[in-house]
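Per the numbering used here, the sequence shown starts with residue 189, numbered consecutively. This report concerns only the one structure given below.
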Amino acid sequence: MECAGKGSGTRCLGPPRKRCGRCGAVAYCSASHQISHWKEHKEECGRLEQQMKHLDLLNDFPFTFSQEATIQISEKKESRCSFLSKRDIHQVGMWSCECCCGASVTSFDSSLFDHSRSESHTWYLSNIMCPCRGPSSPIAKSLCSWKDYYEWRCIPLDSPVALLLHWPLTVYHAIQIAGLGSLTSEISKLCIHYLGPEKELLQLAVFGELCALFPGVLVQIELIGPTVPHHRNGDKIDLYSYAHCIEKDCNCKYENENTSCGIGTPTSSRVTLQLHRGYYHDCFRYISKDSFPHLVIAPNAGIAAYSSWLPTIELIKEINVPALFSDYCEEACHLAACCINTVTSQPPRLPVISHCCFFSPTLPLPTSPSPYPFPLASPYSFEHIVELYLFNLIIFVL
């Protein structure tokens, strides 16, 4: 955490150890910096105070590793690398970009993008610890929490797969929030435009879990963003089943051999991903000719941080398609909602939904807020949660 008054004219006198006595969300190196910053901070102090009141609820994650992977990483008692190394998944398979010393999208090893290589779409976990095969029972009417999902997929709560599964489960959750859940039982093909992919580009095999979440539906996802490498622009990836476990004799290997599932080119795909380099407002016209969306999703968008979102929001308003944005914390969502209101001249149709679990048990409407408590992250102390990407905050735009 930096001194909130940094850059106010005088140099910081030391580490920021003096927190705001009201909200506790910002800290200062000295009383003089706190006084000089009050003119700016007073506008947000009350709002941050309300957000901070829910901080303790972040402990509601059901995983056995929650403290180790959040609080201990935040307090530097644990590192992302050591967390992964203890589980033998450091810099391997889909985990290769889950720490600062691993691969990145901007400077990636092209072999990590090669989906014909089995190691690029492997969990590197035993079949007990990951969803490498189809579910043993039909999906419930709706999954409302990580605990519900783990129980349905028979995964123990010490499995770290949530770190990667948040991508497909965000898609699932967004469809439920948008009120399109019933639509999936009526259509044979679901088209989603997924904006701003980054790390997902090195973990595409995890989207195979959508086979289980939307049985009998062909899911087509267009991943659109400036981080898609030039030489992958237009690439199409067909997923026929689930990412593999590490066990050589597991049925997931035989299933893939018998039905050509996994990543390849058999007769019929259940999940299709297509990559497009560029901004959505520049790409939409030609993409929509073959794939007009039922839903637009932008995970961890950072709307307030990037002006390039403004023409995209204008486009979404014009095409009148349901769109959901997520961000890292409630404050980021507040700023994003202000930006959206500036462009559309109207607030989001649904209020900001904040939650520790991925799945909301109700559809919170502006006139009927959800009675369920959903944990919030402090805008200045959420890094330990972001490290694991275990939650998103959703704004419903149109």
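Built from N, CA and C at the ideal position, the CB exists for glycine as well.
For the beta strand (DSSP E) holding residue i, just list the boundary residues, first then last.
| i | result |
| --- | --- |
| Lys377 | Lys377 to Leu383 |
| Val407 | Leu406 to Gly413 |
| Asp515 | Ala511 to Asp515 |
So for residue i, helix, strand or coil by DSSP?
| i | result |
| --- | --- |
| Val531 | helix |
| Gly452 | Since pLDDT at Gly452 reaches only 42, below the 50 mark, its modelled position is unreliable, and the value read off the structure follows with that caveat. If DSSP states are grouped into helix, strand and coil, Gly452 belongs with coil. |
| Tyr468 | helix |
| Leu427 | strand |
| Ala486 | strand |
| Phe579 | With a pLDDT of only 39 at Phe579, under 50, the local geometry of the prediction cannot be trusted, and the value read off the model is given with reservation. The answer is coil: DSSP assigns Phe579 none of H, G, I, E or B. |
| Leu461 | strand |
| Cys318 | coil |
| Pro561 | For Pro561, the predicted model reports a pLDDT of 24, less than 50, meaning its position is unreliable; a value from the coordinates is still stated below. If DSSP states are grouped into helix, strand and coil, Pro561 belongs with coil. |
| Phe296 | Here the model assigns Phe296 a pLDDT of 48, short of 50, so the residue's position is not dependable and the matter cannot be decided. |
| Gly195 | coil |
| Phe480 | coil |
| Thr447 | Legend: pLDDT at Thr447 = 41, less than 50; position of this residue unreliable, no value from coordinates given. |
| Glu518 | helix |
Would you mind stating whether residue i and residue j have Cβ atoms separated by less than 8 Å?
| i | j | result |
| --- | --- | --- |
| Gly396 | Tyr430 | yes |
| Val394 | Leu352 | yes |
| His469 | Leu523 | no |
| Val459 | Leu483 | no |
| Ile412 | His354 | no |
| Ser224 | Gly202 | no |
| Ala219 | Cys191 | no |
| Gly466 | Pro414 | yes |
| Cys285 | Lys387 | yes |
| Gln462 | Lys424 | yes |
| Leu398 | Pro356 | yes |
| Arg341 | Pro326 | no |
| Cys379 | Ser347 | no |
| Ala366 | Pro510 | yes |
| Leu236 | Cys211 | yes |
| Asn315 | Cys233 | no |
| His221 | Cys208 | no |
| Glu410 | Ser330 | no |
| Pro481 | His418 | no |
| Ala492 | Cys527 | yes |
| Phe271 | Ile261 | yes |
| Ile507 | Val531 | no |
| Ile485 | Leu383 | yes |
Ends of the alpha helix (DSSP H) at residue i?
| i | result |
| --- | --- |
| Ile501 | Trp497 to Ile507 |
| Leu401 | Leu398 to Leu401 |
| Lys335 | Trp334 to Trp340 |
| Tyr360 | Ala350 to Ile365 |
Does at least one heavy atom of the ligand ATP sit under 7 Å from the Cβ of residue i?
| i | result |
| --- | --- |
| Arg420 | Among the components of this structure there are no ligands whatsoever, and the ligand ATP is therefore not found. |
Can you check whether the C-beta of residue i is within less than 8 Å of a C-beta belonging to chain B?
| i | result |
| --- | --- |
| Ala493 | Looking for chain B here will not work: only one protein chain is present. |
If contact is defined by three or more beta carbon pairs under 8 Å, each pair taking one atom from either stretch, is the region 361-369 in contact with the region 248-259?
Here the region 248-259 makes no contact with the region 361-369; the two share fewer than three CB pairs at distances below 8 Å.
I'd like the ranges of any alpha helix (DSSP H) spanning at least 4 consecutive residues and lying wholly in the region 197-277.
Those alpha helix (DSSP H) runs which fall completely within the region 197-277 and span 4+ residues are 219-240, 254-257, 259-262 and 268-274.
Please confirm if the region 380-392 is in contact with the region 515-522, defined as three or more CB-CB distances below 8 Å between the two stretches.
Because the criterion of three Cβ pairs below 8 Å is not met, the region 380-392 and the region 515-522 do not touch.
For the region 271-281 against the region 374-387, are there 3 or more C-beta pairs whose distance is under 8 Å?
The region 271-281 vs the region 374-387: no contact.
With a threshold of 8 Å, are at least 3 pairs of Cβ atoms found where one atom belongs to the region 432-440 and the other to the region 307-319?
The region 432-440 is in contact with the region 307-319.
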